[in-house]
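**Q** Chains as they are written, first to last, in our numbering: chain H, 140 to 558; chain S, 140 to 558.
2 protein chains.
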Amino acid sequence: MEQNQILEIKAKAEKEYEALCAKGLKLDMSRGKPAPAQLDLSLDMLTHCLDGECFSENGTDCRNYGVLDGIEEAKRLCMPMLGVGHDEIIIGGNSSLQLMYDTIARAMLLGVLGGDKPWSKNEKVKFLCPAPGYDRHFAICQSMGIEMITVPYKADGPDMDMVEKLVSEDELIKGIWCVPMYSNPEGITYSDEVVRRFANLSPKAKDFRIFWDNAYCVHHLTDTPDHLLNLLEEAKKTGKEDMVFMFTSTSKISFPGGGLAVIGASAANINFIKSQMTYQTIGYDKLNQLRHARFFGDFEGIKAHMLKHRAIIAPKFEVVINTLEKEIAPTGFGSWHNPNGGYFVSFNGLPGTAKRTVELCKNAGVVLTGAGATYPYGIDPEDKNIRIAPTYPSVEELQTAMEVFCVAVKIAACESLLK
Amino acid sequence: MEQNQILEIKAKAEKEYEALCAKGLKLDMSRGKPAPAQLDLSLDMLTHCLDGECFSENGTDCRNYGVLDGIEEAKRLCMPMLGVGHDEIIIGGNSSLQLMYDTIARAMLLGVLGGDKPWSKNEKVKFLCPAPGYDRHFAICQSMGIEMITVPYKADGPDMDMVEKLVSEDELIKGIWCVPMYSNPEGITYSDEVVRRFANLSPKAKDFRIFWDNAYCVHHLTDTPDHLLNLLEEAKKTGKEDMVFMFTSTSKISFPGGGLAVIGASAANINFIKSQMTYQTIGYDKLNQLRHARFFGDFEGIKAHMLKHRAIIAPKFEVVINTLEKEIAPTGFGSWHNPNGGYFVSFNGLPGTAKRTVELCKNAGVVLTGAGATYPYGIDPEDKNIRIAPTYPSVEELQTAMEVFCVAVKIAACESLLK
Numbered sequence: 140m141e142q143n144q145i146l147e148i149k150a151k152a153e154k155e156y157e158a159l160c161a162k163g164l165k166l167d168m169s170r171g172k173p174a175p176a177q178l179d180l181s182l183d184m185l186t187h188c189l190d191g192e193c194f195s196e197n198g199t200d201c202r203n204y205g206v207l208d209g210i211e212e213a214k215r216l217c218m219p220m221l222g223v224g225h226d227e228i229i230i231g232g233n234s235s236l237q238l239m240y241d242t243i244a245r246a247m248l249l250g251v252l253g254g255d256k257p258w259s260k261n262e263k264v265k266f267l268c269p270a271p272g273y274d275r276h277f278a279i280c281q282s283m284g285i286e287m288i289t290v291p292y293k294a295d296g297p298d299m300d301m302v303e304k305l306v307s308e309d310e311l312i313k314g315i316w317c318v319p320m321y322s323n324p325e326g327i328t329y330s331d332e333v334v335r336r337f338a339n340l341s342p343k344a345k346d347f348r349i350f351w352d353n354a355y356c357v358h359h360l361t362d363t364p365d366h367l368l369n370l371l372e373e374a375k376k377t378g379k380e381d382m383v384f385m386f387t388s389t390s391k392i393s394f395p396g397g398g399l400a401v402i403g404a405s406a407a408n409i410n411f412i413k414s415q416m417t418y419q420t421i422g423y424d425k426l427n428q429l430r431h432a433r434f435f436g437d438f439e440g441i442k443a444h445m446l447k448h449r450a451i452i453a454p455k456f457e458v459v460i461n462t463l464e465k466e467i468a469p470t471g472f473g474s475w476h477n478p479n480g481g482y483f484v485s486f487n488g489l490p491g492t493a494k495r496t497v498e499l500c501k502n503a504g505v506v507l508t509g510a511g512a513t514y515p516y517g518i519d520p521e522d523k524n525i526r527i528a529p530t531y532p533s534v535e536e537l538q539t540a541m542e543v544f545c546v547a548v549k550i551a552a553c554e555s556l557l558k
Numbered sequence: 140m141e142q143n144q145i146l147e148i149k150a151k152a153e154k155e156y157e158a159l160c161a162k163g164l165k166l167d168m169s170r171g172k173p174a175p176a177q178l179d180l181s182l183d184m185l186t187h188c189l190d191g192e193c194f195s196e197n198g199t200d201c202r203n204y205g206v207l208d209g210i211e212e213a214k215r216l217c218m219p220m221l222g223v224g225h226d227e228i229i230i231g232g233n234s235s236l237q238l239m240y241d242t243i244a245r246a247m248l249l250g251v252l253g254g255d256k257p258w259s260k261n262e263k264v265k266f267l268c269p270a271p272g273y274d275r276h277f278a279i280c281q282s283m284g285i286e287m288i289t290v291p292y293k294a295d296g297p298d299m300d301m302v303e304k305l306v307s308e309d310e311l312i313k314g315i316w317c318v319p320m321y322s323n324p325e326g327i328t329y330s331d332e333v334v335r336r337f338a339n340l341s342p343k344a345k346d347f348r349i350f351w352d353n354a355y356c357v358h359h360l361t362d363t364p365d366h367l368l369n370l371l372e373e374a375k376k377t378g379k380e381d382m383v384f385m386f387t388s389t390s391k392i393s394f395p396g397g398g399l400a401v402i403g404a405s406a407a408n409i410n411f412i413k414s415q416m417t418y419q420t421i422g423y424d425k426l427n428q429l430r431h432a433r434f435f436g437d438f439e440g441i442k443a444h445m446l447k448h449r450a451i452i453a454p455k456f457e458v459v460i461n462t463l464e465k466e467i468a469p470t471g472f473g474s475w476h477n478p479n480g481g482y483f484v485s486f487n488g489l490p491g492t493a494k495r496t497v498e499l500c501k502n503a504g505v506v507l508t509g510a511g512a513t514y515p516y517g518i519d520p521e522d523k524n525i526r527i528a529p530t531y532p533s534v535e536e537l538q539t540a541m542e543v544f545c546v547a548v549k550i551a552a553c554e555s556l557l558k
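1) Taking only beta-carbon atoms, is residue 237 of chain S less than 9 Å away from chain H?
2) By Cβ distance below 6 Å, which residues in the same chain neighbour residue 155 of chain H in space, the five residues on each side in sequence not counted?
3) By Cβ distance, which residues of its chain are closer than 8 Å to residue 266 of chain H, with the 5 residues on each side in sequence left out?
4) Against chain S, which members of the region 418 to 448 of chain H pass a CB distance test of less than 8 Å?
5) Suppose the cutoff is 6 Å on Cβ atoms and the five residues either side in sequence are ignored; what does the same chain contact list for residue 335 of chain S look like?
6) Relative to the C-alpha of residue 456 of chain S, which residue among S:268, S:558, S:535, S:356 is closest?
7) If you follow the beta strand (DSSP E) that residue 229 of chain S is part of, which residue opens it and which one closes it?
8) Could you list the residues in the region 389 to 404 of chain S with a C-beta less than 7 Å from some C-beta on chain H, going in chain order?
9) According to DSSP, is residue 421 of chain H part of a helix, a strand, or is it coil?
10) Assuming residue 429 of chain H and residue 193 of chain H make a contact with CB atoms under 8 Å, what is their CB distance in whole Å?
11) Using a cut-off of 8 Å between C-beta atoms, extract the partners of residue 185 of chain H located in chain S.
12) Starting from the beta carbon of residue 201 of chain H, find every residue of chain S whose beta carbon is closer than 7 Å, and list them in chain order.
13) Applying a beta-carbon distance threshold of less than 7 Å, which residues of chain H neighbour residue 172 of chain S?
14) So which residues of chain H does residue 178 of chain S contact, with C-beta pairs closer than 9 Å?
15) When we look at the beta-carbon of residue 518 of chain S and count the other beta-carbons within 10 Å, is it buried (16 or more) or exposed?
16) If you measure beta-carbon to beta-carbon, which residues of the region 454 to 480 of chain S are closer than 9 Å to chain H?
17) From the DSSP output, in three-state form, read off residue 553 of chain S for me.
18) Measuring only the C-alpha atoms, how far is residue 175 of chain H from residue 448 of chain H?
19) Determine the chain S residues that contact residue 175 of chain H at a beta-carbon separation under 9 Å, and present them in chain order.
20) With a floor of 4 residues, list each alpha helix (DSSP H) that falls wholly inside the region 428 to 481 of chain S, ordered by position along the chain.
21) Anything in the region 507 to 536 of chain H with a Cβ closer than 7 Å to a Cβ of chain S? List those residues in chain order, please.
22) Can you check DSSP and say which residues form a bridge with residue 359 of chain H?
23) Determine the direct distance from the alpha carbon of residue 196 of chain H to that of residue 237 of chain S, and round the result to whole angstroms.
24) For residue 533 of chain H, which residues in the same chain have their Cβ closer than 8 Å to its Cβ, ignoring the five residues on either side in sequence?
25) Could you check which residue in H:537, H:409, H:296 has the C-alpha nearest to that of residue 328 of chain H?
26) Whose C-alpha, out of H:433, H:271, H:493, is nearest the C-alpha of residue 554 of chain H?
27) Using beta carbons (cut-off 9 Å, strictly below), is residue 249 of chain H in contact with chain S?
28) At the 9 Å Cβ level, is residue 502 of chain S part of the contact set with chain H, yes or no?
29) With residue 523 of chain H and residue 490 of chain H assumed to form a contact (beta carbons below 8 Å), what rounded beta-carbon distance in angstroms separates them?
30) Taking Cβ-Cβ distances shorter than 9 Å, what residues in chain H pair up with residue 452 of chain S?
31) Can you tell me which of the three DSSP states residue 387 of chain H falls into?
32) Do residue 397 of chain S and residue 217 of chain H count as a contact pair if the criterion is CB distance below 9 Å?
33) Just list the residues that DSSP pairs residue 526 of chain S with in beta bridges.
34) Can you list, in chain order, the residues of its chain whose CB lies under 8 Å from that of residue 256 of chain H, leaving out five sequence neighbours each side?
35) Considering only residues of the same chain and omitting the five flanking positions on each side of residue 230 of chain H, which have a CB-CB separation below 8 Å?
36) Does the count of Cβ pairs from the region 470 to 484 of chain H and the region 360 to 373 of chain H closer than 8 Å reach three?
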């Protein structure tokens with residue numbers, strides 16, 4: 140692109156930016172939050188699911204103490220989400236983040252099944268962090284002083300050559316974070332080959348674990364959804380099933396503030412986790428488990444419910460993609476992936492422009508996820524990745540926000556090219 | 140007591156025991172569980188509290204993510220339970236045990252406010268454990284390898300001479316467990332002097348904490364309830380307020396499986412805890428917080444509700460005390476305290492008889508809390524304490540169970556005296 144062309148784009152963008160700033164916008168696209176209309180889909184759960192009685196199908200009074208791993212009907216509801224069996228699941232509270240944090244805290248303090256000591260008794264603990272990834276995963280590691288090693292993404296998942304090499308060489312690498320389906324933020328689903336290579340990892344650390352956060356397992360956006368191979372099943376074939384911790388939740392199915400979180404793992408892992416977890420709690424909220432089981436009925440009920448979510452949010456993803464196609468594609472100022480599901484569009488601008496873009500948006504009243512947040516320690520080495528979370532604003536708000544975004548991308552790119 | 144008198148009591152008791160065994164009883168008095176009739180008191184909460192909308196008074200959508208420390212109206216509801224202010228409280232999930240476990244886990248892994256390193260970086264961590272006490276407190280310590288030092292109870296609380304001496308001498312003592320009101324299982328409420336001595340402790344460890352589990356703060360059984368001095372207020376007078384972690388829950392007010400758990404502490408402690416807790420969860424279940432706030436209205440609502448509980452369970456405590464008075468008092472085979480509140484009657488038999496008594500009860504179909512459970516490591520040095528939990532069985536079942544219990548006490552005592 141010639142310099143006068145850049146100057147022209149920049150002048151036009153700055154004029155548009157000024158006009159948008161004058162609107163006094165106040166839009167928050169910083170987190171992957173469901174919109175109110177999505178939450179309304181589950182409202183009946185709060186009033187009509189416990190109006191008869193509060194006993195589970197096997198006669199447990201869900202109001203009282205007990206049942207550490209969850210009531211049967213809640214297990215049955217959630218088992219197909221992770222593809223696990225009756226003895227391979229624990230139904231938790233309202234937060235899968237909490238289950239993941241607690242799993243790492245227990246590993247640090249007490250150790251995992253088959254480990255000869257708690258992780259924290261090593262001189263150091265390291266985690267592999269495919270990036271861009273989920274900032275809250277990385278924040279858990281950072282809070283506990285776990286050293287993070289960034290692993291880049293390829294088109295079908297993390298760079299497995301690098302993963303295999305690192306875990307086979309370094310005994311201090313105790314885990315890896317994965318969002319294997321409609322990954323946060325890339326929207327990538329791991330290929331069968333990548334999943335099989337995970338199932339066949341040979342870590343030097345006997346107490347190494349794959350943290351498989353399958354948060355978007357039923358969160359499809361199109362008629363041609365991605366398909367994810369079942370890591371636990373694949374790991375059983377290699378005899379390495381104890382290497383796998385899987386997580387999901389109904390946070391973006393029912394309610395972010397009041398859903399069910401789930402751990403899936405081998406029966407041996409589940410028994411071991413329960414033997415540690417029994418000191419922490421007598422049991423999670425069984426009334427909420429009963430609500431969910433009765434409201435959704437079964438996994439088919441969840442799938443039908445997800446179509447209603449899709450009807451609300453798919454048009455929002457279209458706004459994002461269409462605006463990017465129209466405004467940015469012709470300039471070459473960035474690239475993105477059109478995901479088949481999940482909650483995000485990951486935008487990669489020109490190197491050195493992400494922070495500036497986010498700043499320009501903020502000054503125009505549009506708050507995005509902080510630049511760098513998708514990388515360990517909040518540092519994007521190329522300063523180019525921005526996570527776009529389209530679900531919460533209305534379509535109209537989103538359209539305006541994307542106009543702001545594209546104008547900001549153009550200004551930041553031009554400034555960078557003119558340096 | 141003369142030998143033939145003992146033999147006579149024993150023979151009579153054994154005959155009665157045989158008859159009771161023949162009844163094929165199946166009664167569980169092992170845990171302090173509310174009875175179904177108590178849980179029915181809060182049933183409306185599950186159906187009629189969220190049927191309008193789900194917004195908190197300040198407009199927060201309780202269905203969505205956010206609000207780590209709890210919604211305002213839930214805080215306001217629970218603040219008087221612990222006697223803390225707006226900035227001195229966090230509303231948690233359904234389990235105060237989990238809040239206590241997590242608080243210790245964070246202290247071990249990350250450290251507490253003002254500490255220079257995580258507890259676990261010391262060669263060893265020790266806790267003072269007034270005993271008999273709550274088995275799940277002791278189990279947390281045991282699971283984390285924290286060494287427990289037993290402190291005996293006096294009539295008005297733990298032996299404070301011993302507590303003061305130990306904490307002032309040993310930097311490895313990082314905490315003490317207290318159930319200061321209607322203590323589990325003794326039913327004792329700490330005297331004002333004991334509370335003031337706690338508020339004025341001078342521990343050698345700068346990162347020492349008092350774990351003040353005020354589980355029974357509103358659980359009165361009589362018209363002359365005990366009164367507990369506010370430890371946090373007292374500690375403010377000595378400038379030592381950061382030494383105090385307080386806990387309570389609505390588990391035995393609303394639902395054990397679906398109540399609200401609460402942490403109270405100085406504003407500085409609360410801010411510090413939130414700065415650590417933010418890595419674990421985005422927020423606890425705000426829908427359940429809203430349910431509770433709307434159902435109870437305010438603290439007066441909780442107090443009125445507790446009178447309904449009292450109407451159900453006070454007669455059960457009477458059965459226990461009356462049966463002990465009638466059957467055991469004349470023999471001198473044991474002693475007990477008639478509590479003004481709480482969930483237990485603590486029975487102290489002749490030394491060396493608790494295990495045998497529990498065994499005899501079990502063989503007759505009455506399951507009690509295991510003998511020794513009320514002591515660190517499950518070892519009652521004198522083998523004499525048994526925790527009686529009268530709330531769950533019906534009055535009729537309880538009457539039968541207490542007959543079994545008294546007969547078992549007599550047999551065990553006679554066997555012991557005849558050795």
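Built from N, CA and C at the ideal position, the CB exists for glycine as well. These numbers come from a predicted model, not from an experiment.
**A** Taking the definition as stated:
1) yes
2) Spatial neighbours of residue 155 of chain H in its own chain (CB-CB distance under 6 Å, excluding positions within 5 residues in sequence) are listed in chain order as 546.
3) 280, 285, 286, 287, 288, 312, 313, 314, 315, 316
4) 418, 419, 420, 421, 422, 423, 424, 425, 426, 427
5) 373
6) S:535
7) 228 to 230
8) 394, 395, 396, 397
9) coil
10) 7 Å
11) 189, 190, 193, 426
12) 396
13) Simply 203, 204.
14) Contact annotation for residue 178 of chain S against chain H: 193, 200, 202, 203 [CB-CB distance below 9 Å, chain order].
15) By the beta-carbon neighbour count (other beta carbons within 10 angstroms, threshold 16), residue 518 of chain S is exposed.
16) Going along the region 454 to 480 of chain S in chain order, one finds no residue with a Cβ nearer than 9 Å to chain H.
17) helix
18) Taking the straight line joining both Cα atoms gives about 11 Å.
19) 200, 202, 203
20) 438 to 466
21) none
22) H:480
23) 27 Å
24) 174
25) Checked all of H:537, H:409, H:296; the closest Cα to residue 328 of chain H is H:296.
26) H:493
27) yes
28) no
29) 5 Å
30) Within chain H, no residue comes near residue 452 of chain S; the closest Cβ sits about 14 Å away, beyond 9 Å.
31) strand
32) no
33) S:485
34) For residue 256 of chain H, same chain residues with a beta-carbon under 8 Å away, outside a window of 5 residues either side, are 250 in chain order.
35) 208, 209, 210, 213, 214, 217, 399, 400, 401, 423, 428
36) yes
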